[in-house]
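If you're matching positions, the sequence shown starts at 165 in our numbering and goes up one per residue.
The beta carbon of each residue, even a glycine, is placed where N, CA and C say it ideally should be.
Predicted model, so just to flag it, every value in this text is computed and none were measured.
In what follows, a structure is listed as structure tokens, so that the remarks can point back to it.
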Amino acid sequence: MTMKKILITGGSGLVGGHLVQLARAKWDVFATFYRHPFSFSGVHAVSMDLTRPDDVHRVVEKITPDVIIHCGALSDLDLCEKEPELCYRINAEATGILAELSSDMDCRLIYTSTDMVFDGQKGFYSESDKTRPINLYGKAKQDGEERIKDSCPQYVIARVALVYGRPVIRGNSFSEKILNRIQNGKTVFLFEDQYRSPILVANLAQALLELVELPFVGTLHLGGKDRVDRYTFGLKLAELKQIPTSLIVPSRMQDVETAAPRPLDVSFDISKTQHLLKTKLLGYHEGLYQI
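So, in structure tokens, the structure goes:
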């Protein structure tokens with residue numbers, strides 16, 4: 165029996181790598197990379213440049229996938245602020261092209277959006293809350309969401325919270341950045357006044373692949389079940405890894421100058437997602453034990 169084809173953009177990244185690893189059991193997997201070629205047993209690694217519409221067309225039209233999971237993005241908040249044209253080309257325009265191609269091919273499209281589409285004034289955001297991004301990354305991802313809703317009948321917009329956990333291929337999660345700095349004897353400054361709903365990358369990949377096979381169309385929030393600030397998260401990570409917490413220092417967003425504004429509280433209400441999925445979304449206490 166011929167397996168259906170799934171195309172994972174950003175396949176060499178943190179989330180994409182975990183998707184690639186899990187999807188091989190049931191799918192004929194095609195995964196894209198840009199600057200970082202990779203080899204993974206049972207996976208077709210494909211070069212694709214999201215800044216070039218012709219390249220996106222070339223890859224998708226050649227593969228003719230049954231499903232696309234679009235993880236490829238420019239997600240560095242400050243770089244997006246400094247390179248707005250590049251930010252929009254990758255995060256909005258390429259997403260629109262994939263939406264149109266998905267519609268033409270009767271292909272299901274799962275799009276990983278972000279908690280940064282909210283302004284952070286409320287917290288505990290549900291899918292029905294109005295989006296008000298305050299940085300260019302969030303605005304471009306919001307634009308991508310609208311392009312998908314306008315063009316693609318079979319879509320899921322999966323807004324993803326702060327991701328932690330170990331990479332399979334490559335990629336650098338929030339937890340890995342903390343551990344790398346501490347292991348190199350460097351101080352880690354973590355915001356004690358910004359709240360997120362961090363999600364374990366393996367847990368996220370499992371949820372995304374479950375969504376592939378469901379008939380659901382619409383928007384869902386994929387985050388862990390806990391609302392937590394970065395500093396508290398870092399202390400718990402250090403405690404579980406049995407490393408000194410002396411290098412973890414609390415900071416406040418108003419005291420740190422960054423190119424991109426950061427929202428204060430973009431924690432998620434995940435009740436809709438948990439009602440729909442069999443995959444249990446873990447709190448950070450549970451998730452940290454798995455890395």
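{"Query": "Under 6 Å Cβ to Cβ from LEU214, same chain only, skipping five residues before and after it: list those, please.", "Result": "GLY236, ILE254, ALA258"}
{"Query": "If we call anything under 8 Å between Cβ atoms a contact, is GLN318 one with LEU428?", "Result": "no"}
{"Query": "Could you have a look at THR383 and say whether DSSP puts it in helix, strand or coil?", "Result": "strand"}
{"Query": "Have a look at PHE197, GLN306, MET167 and flag the residue whose alpha-carbon is nearest the alpha-carbon of ALA187.", "Result": "MET167"}
{"Query": "Check the C-beta distance from ILE333 over to GLY181 and give it rounded, since I have them as a contact under 8 Å.", "Result": "4 Å"}
{"Query": "If I follow the unbroken beta strand (DSSP E) through VAL193, where does it start and stop?", "Result": "192-197"}
{"Query": "Apart from the five residues on each side of it in sequence, which residues of its chain come closer than 6 Å, Cβ to Cβ, to HIS221?", "Result": "none"}
{"Query": "How about the region 340-356 and the region 393-410: do they share at least three Cβ pairs that are nearer than 8 Å?", "Result": "yes"}
{"Query": "Considering only C-alpha positions, which residue in the set ARG394, LEU243, VAL324, TYR328 is nearest to LEU384?", "Result": "VAL324"}
{"Query": "Out of curiosity, what's the CA-to-CA distance linking ALA209 and SER176?", "Result": "9 Å"}
{"Query": "When the Cα atoms are used, what is the spatial distance from THR295 to ILE312?", "Result": "15 Å"}
{"Query": "Helix, strand or coil for PHE338, going by three-state DSSP, please let me know.", "Result": "helix"}
{"Query": "Are the region 378-398 and the region 185-199 touching, with three or more C-beta to C-beta distances below 8 Å?", "Result": "no"}
{"Query": "Given a threshold of 16 other Cβ atoms within 10 Å of its Cβ, counted over all protein chains shown, does TYR328 qualify as buried or as exposed?", "Result": "buried"}
{"Query": "Name the two residues that bound the continuous alpha helix (DSSP H) containing LYS246.", "Result": "241-246"}
{"Query": "Report yes or no: do the region 237-251 and the region 298-312 share at least 3 C-beta pairs separated by less than 8 Å?", "Result": "yes"}
{"Query": "So ALA209 is in the beta strand (DSSP E); what residue range does that whole segment cover?", "Result": "207-211"}
{"Query": "In the DSSP assignment, find the unbroken beta strand (DSSP E) run with ARG495 in it and report its ends.", "Result": "There is simply no residue 495 to check, as the chain begins at 165 and stops at 455 in what is shown."}
{"Query": "Could you name each continuous alpha helix (DSSP H) segment of 4 residues or more that falls completely within the region 233-314, going from the start of the chain to the end?", "Result": "241-246, 248-252, 258-268"}
{"Query": "Should the region 258-273 be called in touch with the region 200-208, which here means at least 3 C-beta pairs below 8 Å?", "Result": "no"}
{"Query": "So, with DSSP's three-state summary, where would you put VAL231?", "Result": "strand"}
{"Query": "Helix or strand or just coil, what does DSSP make of THR173?", "Result": "strand"}
{"Query": "Going by DSSP, name the residue or residues bridged to ARG360.", "Result": "VAL392"}
{"Query": "In whole angstroms, what separates the C-alpha of ASP268 from that of PRO229?", "Result": "11 Å"}
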